[in-house]
Amino acid sequence: MKLIDWREIIAELELTAHYHNALVLPPVYGAYCGDMMSDVLARARRGSLWITIQRHRNVIAVASLVGLSAVVISGGRVPPPDTVALAEKEGVPLFSTPLDSFHAAGRLYYLLTRVGLINPTADGVAKPQNT
Amino acid sequence: MMEELAHHILDVARNSLEAGATRVEITVEEDPASDVMRFSVIDNGSGMPPHVLRQLTNPFFTTKTGKKVGLGLPFLQAAVERCGGNLEIKSEVGRGTTVVATFPYYCWDRPPLGDIPRTIVSLLVGNGHLDLRYRHIYNGHSYELDTREIRSRLKGISLDTPEVLIWLRQYLTESLSILSGGGGYEIARRAG
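Protein chains in written order, with the working numbering: chain A, 52 to 182; chain B, 2 to 193.
As structure tokens, then:
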């Protein structure tokens, strides 16, 4: 299976890193986008990159629990020091981007589709839910 | 953005000031063992008649002229509902208003408490005469701050002089940290 080079993700999503540079970045197999913690816990998959506007420490807890490859905080928002410290402690690669969630996700979608990690006709379809 | 409970508290307490309150009592209660995180804001402002009270969580209702939507309380209502909590608003014309928001402590979607000292200091800026009582209960231990007491010790120096506010913020930060047994107590919460 082909993977996307992290350098390409960093350049394309205009990422700033907020982790220790000794950290080895895990492979990215997919992505999820969302700001509601319980939704991300339920639907994001291990090995995915997560795009969110949330920046409190629970973001790191959720990322660690799900086994996400990295967290990207969007919209030009910067993680506070306690979140950065927890990310370092947990070994979760943490980034921020000036792009909003829609545009960051759009660019990543293009990269993932190109290497065949996303199937545009089948992926990302949620089962209908009762309200 | 309303990303912390402290932002919601500031928003509610600002409503109190706009309602002409001279005394505002804010209480935060953290009780992890009982799975409760609650805050209340009690004021002696002008209060609201029942027809206004009924509209409070309607986003297309606002008492401010020239504005079509008022989102402060609807956002708080939404934050509470997201976690299956409870929002209670009581008011009486001429007497004041009480807002109580109760959240489960362990809920992933509950906003973190956030920067309370900043909220308190923000309320006092330009409102040096406000009687503000802040009470924080953590695991049954409580801490209390009353601006009336601080004001009496300041001997005429206004409470909202920058130096006093800077000190107050620092003092509150340290006091709350001691109350919760050292910094970083609100560790990433486990799911309910």
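We treat Cβ as the ideally placed atom computed from N, Cα and C, and that holds for glycine.
- According to the DSSP assignment, arginine 83(B) belongs to the alpha helix (DSSP H) that extends over 73–83.
- By the criterion of at least three beta-carbon pairs nearer than 8 angstroms, the segment 156–163 of chain B is not in contact with the segment 47–60 of chain B.
- Trp109, Asp110, Pro113: these are the residues of the segment 108–138 of chain B whose beta carbon lies less than 7 angstroms from some beta carbon of chain A, given in chain order.
- Just so you know, the alpha carbons of alanine 173(A) and isoleucine 138(B) end up roughly 51 angstroms apart.
- Identification of chain B residues near histidine 69(A) by a Cβ-Cβ cut-off of 9 angstroms yields none; the smallest Cβ-Cβ distance measures about 17 angstroms.
- Looking only at Ala68(A), Gly81(A), Ala73(A), His69(A), the smallest Cα-Cα distance to arginine 158(A) is reached by Gly81(A).
- In this structure, the alpha-carbon of glutamine 171(B) lies about 14 angstroms from that of leucine 180(B).
- For glutamate 4(B), the chain A residues whose Cβ falls inside 8 angstroms of its Cβ are Gln105, Arg106, His107, in order along the chain.
- For the options Gly127(B), Glu31(B), Gly115(B), the alpha carbon positioned closest to that of threonine 162(B) is the one of Gly127(B).
- Nearest to alanine 121(A) by alpha-carbon distance, out of Glu141(A), Pro132(A), Leu145(A), Val129(A), is Leu145(A).
- When DSSP states are grouped into helix, strand and coil, histidine 71(A) belongs to the coil group.
- Contact between the segment 10–28 of chain B and the segment 84–98 of chain A is not established, with fewer than three Cβ pairs separated by less than 8 angstroms.
- At a cut-off of 8 angstroms between beta carbons, serine 89(A) contacts chain B.
- Using a C-beta cut-off of 8 angstroms, the segment 101–115 of chain A makes no contact with the segment 66–79 of chain A, since fewer than three inter-stretch Cβ pairs fall below that distance.
- Within the segment 105–144 of chain B, the complete alpha helix (DSSP H) runs of at least 4 residues fall at 117–125.
- In the DSSP annotation of this structure, the continuous segment of the beta strand (DSSP E) that includes arginine 24(B) starts and ends at 24–32.
- For leucine 150(A), the nearest beta carbon of chain B is not closer than 8 angstroms to its own beta carbon.
- Assignment of beta strand (DSSP E) within the segment 70–101 of chain A, counting only whole runs of 3 or more residues, yields 81–84 in chain order.
- Counting of Cβ neighbours within 10 angstroms places threonine 148(B) among the buried residues, the total reaching 16 or more.
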